[in-house]
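Notes follow once the structure below has been shown.
Below, the structure is given as structure tokens:
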């Protein structure tokens, strides 16, 4: 027992293991950052090169000037038919995300603030559709759209994205509404406010942060979607921007990789601009 105690004493007297030096952590972080920035550097350097310059220079070599950028933008805009595709995606994302978030708030209100039978069951039914992969819905949606004459129409795509984007905002807004004090509802009802007035004038203004956050997420998802747009809206008049990039990729031999990368950068600018405009509301929505 005496030997064991002395051994434990020696262990306790030993200095703690040395932590990795700070310069090692810094080098590791720098290496990860460089690996993350490498593809972005390749894209940014390529869009400033002409097709001839891109063909004879190294991928990460500096461009000779910035003048080829305007020509690359013009060629990508015209050859990729990006004007119509940008307009279509803006319509789908703005209408689909806005209606989905508004309808989700209306659905989340009774699920969070009202008492009725089988309330949790209705919530599970709303959220059950997200369990299955979207690929399972393509065939029935295609025949349903064909029967309703909504195939390759702007109305059909807006209705589709609105329906798909409802469940996730319902989950977020329901959880947020459950944290609001019920005394607000009781005071409003004592003043004679109806359920619609209570929702529209009292509850809804308190949802600006989370609604902005889920709107930005759903807008970005609709903008980046290619699965549904390539099946249900593949005509040139209804084609989304991601579907247009897919079609533009088929003209690789005629356009060149620098033109394709320029088109990809142009396609990502609207969502980046929207995030910059809504960044404060987005961060507030993440904190609630």
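Numbering (our numbering), first residue to last: 651 to 938. Here a beta-carbon is modelled for each residue, glycine too, at the ideal position from N, C-alpha and C.
For residue j and residue i, believed in contact at Cβ under 8 Å, the rounded distance
{"i": "residue 703", "j": "residue 721", "result": "With 8 Å as the limit, residue 703 and residue 721 do not qualify as a contact, their Cβ atoms being about 11 Å apart."}
{"i": "residue 886", "j": "residue 734", "result": "7 Å"}
{"i": "residue 855", "j": "residue 826", "result": "Wrong, their Cβ atoms sit about 13 Å apart, outside the cutoff."}
{"i": "residue 750", "j": "residue 815", "result": "4 Å"}
{"i": "residue 710", "j": "residue 795", "result": "No, residue 710 and residue 795 are not in contact; Cβ-Cβ is about 45 Å, not under 8 Å."}
Exposure label - residue i; buried when at least 16 CB within 10 Å
{"i": "residue 864", "result": "buried"}
{"i": "residue 673", "result": "exposed"}
{"i": "residue 841", "result": "exposed"}
{"i": "residue 779", "result": "exposed"}
{"i": "residue 824", "result": "buried"}
{"i": "residue 847", "result": "exposed"}
{"i": "residue 783", "result": "exposed"}
{"i": "residue 900", "result": "exposed"}
{"i": "residue 790", "result": "exposed"}
{"i": "residue 769", "result": "exposed"}
{"i": "residue 716", "result": "exposed"}
{"i": "residue 724", "result": "exposed"}
{"i": "residue 652", "result": "A caution first: residue 652 carries a pLDDT of 48, below 50, which makes its placement in the model unreliable, though a value can still be read off. So residue 652 counts as exposed."}
{"i": "residue 807", "result": "buried"}
{"i": "residue 739", "result": "buried"}
Three-way DSSP call (helix, strand, coil) for residue i in this model
{"i": "residue 699", "result": "coil"}
{"i": "residue 783", "result": "coil"}
{"i": "residue 736", "result": "helix"}
{"i": "residue 720", "result": "helix"}
{"i": "residue 651", "result": "Only weak support exists for where residue 651 lies, its pLDDT of 47 falling under 50; the value from the coordinates is given anyway. Residue state, collapsed to three classes: coil."}
{"i": "residue 815", "result": "coil"}
{"i": "residue 845", "result": "helix"}
{"i": "residue 898", "result": "helix"}
{"i": "residue 833", "result": "helix"}
{"i": "residue 800", "result": "coil"}
{"i": "residue 821", "result": "helix"}
{"i": "residue 708", "result": "coil"}
{"i": "residue 767", "result": "coil"}
{"i": "residue 890", "result": "coil"}
{"i": "residue 828", "result": "coil"}
{"i": "residue 876", "result": "coil"}
{"i": "residue 883", "result": "coil"}
{"i": "residue 714", "result": "coil"}
Contact test: residue i Cβ vs the ligand MN heavy atom, cutoff 7 Å
{"i": "residue 893", "result": "This structure does not include the ligand MN; it has no bound ligands of any sort."}
Rounded separation between residue i and residue j - CA only
{"i": "residue 727", "j": "residue 699", "result": "16 Å"}
{"i": "residue 732", "j": "residue 819", "result": "30 Å"}
{"i": "residue 746", "j": "residue 924", "result": "15 Å"}
{"i": "residue 678", "j": "residue 762", "result": "46 Å"}
{"i": "residue 872", "j": "residue 811", "result": "7 Å"}
{"i": "residue 905", "j": "residue 785", "result": "32 Å"}
{"i": "residue 690", "j": "residue 697", "result": "11 Å"}
{"i": "residue 932", "j": "residue 869", "result": "13 Å"}
{"i": "residue 682", "j": "residue 676", "result": "10 Å"}
{"i": "residue 692", "j": "residue 912", "result": "12 Å"}
{"i": "residue 908", "j": "residue 701", "result": "6 Å"}
{"i": "residue 830", "j": "residue 773", "result": "19 Å"}
{"i": "residue 876", "j": "residue 741", "result": "15 Å"}
{"i": "residue 837", "j": "residue 930", "result": "31 Å"}
{"i": "residue 787", "j": "residue 744", "result": "23 Å"}
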